[in-house]
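Residue numbers (this note's numbering): 549 to 891.
In structure tokens, the structure reads:
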């Protein structure tokens, strides 16, 4: 039985019975056929992409199904969930089709944050209408229509319901913390971010959904939606990358390997390997740049977009005439090995 992804989730519903969020502790990508068949027999799954709401009485049979095919990790999840009063869901995706339910979106975002798929490696088309705006509080997800009553109830008991954000996306660390990373401020990394092993995200760093790093990186700036940063590249303090949702931009912005975006720099084109954008310089695809040879002689003027993906380039601004100049980055910035060694 073909399977793209599978997840047993526990989540939160509004007072109206609508799903607000789903937590998948151990999502599976390309689950074994025998596992899917064993589970299907217990929940009546007959194929396709399905979100199946479960009741507590079904958990025992699910646990037996997982154990019958040697899926002890999934059986352990079931064992912990036994007796819960929280809503349960089993999401089985036969194909990577566009999601149709909130539970499907959360499964796909979880696959990204568990590093089971890379950014742009999964179909998220049409996801936004399926994600409700939620008040994320110290007591979990609260529907906005339920919030006033919950706040009043808390006050009546001498407590304060702390609303930490109102957003479609929760913070990643409440759903997945992949191995080998450091995070200064967990609220700045959304679920659906892909944080590569060896990455450090400092307090002012930000990573959006369907974006992130593929390896060792120091992130002190912004990695916008859809932007992928290659291994060994650093995003300096206050630096920004232009997301695919910004300004009608449909170009996938990316950073190659062993690159450096200096402090307060900006990037609006795909950057090749071993490139540097100096501090304070924002380069977009439409920026006119002057090409320099190894003697600093002008050899032409092009739009920066024509240099997309080309390696070993240094982008800088001439402090006397203000023009953007590009030359071969022969000394290609070597990242601080000592800094990364202890990530």
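Backbone N, C-alpha and C fix where the C-beta goes; we use that ideal spot for every residue, glycine too.
With 16 other Cβ atoms within 10 Å as the buried cut-off, status of residue i
i: residue 608; result: exposed
i: residue 885; result: Low local confidence applies: a pLDDT of 45 at residue 885 is under 50, so the model's placement there is unreliable, and no value is given.
i: residue 741; result: buried
i: residue 712; result: exposed
i: residue 708; result: exposed
i: residue 575; result: buried
i: residue 802; result: buried
i: residue 847; result: exposed
i: residue 656; result: buried
i: residue 669; result: exposed
i: residue 629; result: buried
i: residue 806; result: buried
i: residue 863; result: buried
i: residue 867; result: exposed
i: residue 658; result: buried
i: residue 714; result: exposed
i: residue 557; result: buried
i: residue 692; result: exposed
Reduced DSSP secondary structure (H/G/I, E/B, other) of residue i
i: residue 754; result: strand
i: residue 644; result: coil
i: residue 766; result: strand
i: residue 584; result: helix
i: residue 802; result: strand
i: residue 590; result: helix
i: residue 730; result: strand
i: residue 621; result: helix
i: residue 709; result: coil
i: residue 855; result: helix
i: residue 678; result: helix
i: residue 813; result: coil
Straight-line Cα distance separating residue j from residue i
i: residue 796; j: residue 641; result: For residue 796, the pLDDT reaches just 44, beneath the cut-off of 50, and the residue's location in the model is therefore unreliable, although a value from the coordinates is still provided. Roughly 31 Å separates the two Cα atoms.
i: residue 720; j: residue 622; result: 21 Å
i: residue 680; j: residue 552; result: 25 Å
i: residue 752; j: residue 773; result: 16 Å
i: residue 704; j: residue 597; result: 44 Å
i: residue 765; j: residue 811; result: 15 Å
i: residue 834; j: residue 870; result: 16 Å
i: residue 603; j: residue 567; result: 15 Å
i: residue 686; j: residue 616; result: 38 Å
i: residue 777; j: residue 804; result: 6 Å
i: residue 775; j: residue 706; result: 44 Å
i: residue 701; j: residue 612; result: 41 Å
i: residue 581; j: residue 587; result: 10 Å
i: residue 799; j: residue 698; result: 43 Å
i: residue 638; j: residue 688; result: 21 Å
Where the alpha helix (DSSP H) containing residue i begins and where it ends
i: residue 697; result: 695-704
i: residue 654; result: 650-661
i: residue 614; result: 607-616
i: residue 630; result: Element bounds for residue 630: n/a, residue is neither H nor E.
Whole-number beta carbon distance between residue j and residue i, since they are thought to touch under 8 Å
i: residue 815; j: residue 789; result: 5 Å
i: residue 694; j: residue 605; result: No, residue 694 and residue 605 are not in contact; Cβ-Cβ is about 27 Å, not under 8 Å.
i: residue 755; j: residue 737; result: 5 Å
i: residue 823; j: residue 861; result: 5 Å
i: residue 874; j: residue 849; result: Contact flag wrong, Cβ pair sits at about 10 Å.
i: residue 781; j: residue 724; result: That belief does not hold up - the Cβ atoms of residue 781 and residue 724 are roughly 22 Å apart, past 8 Å.
i: residue 671; j: residue 645; result: 6 Å
Enclosing beta strand (DSSP E) for residue i [first to last residue]
i: residue 846; result: 846-851
i: residue 875; result: 872-876
i: residue 863; result: 861-865
i: residue 561; result: 553-561
i: residue 775; result: Run containing residue 775: none; DSSP gives neither H nor E here.
i: residue 598; result: 598-602
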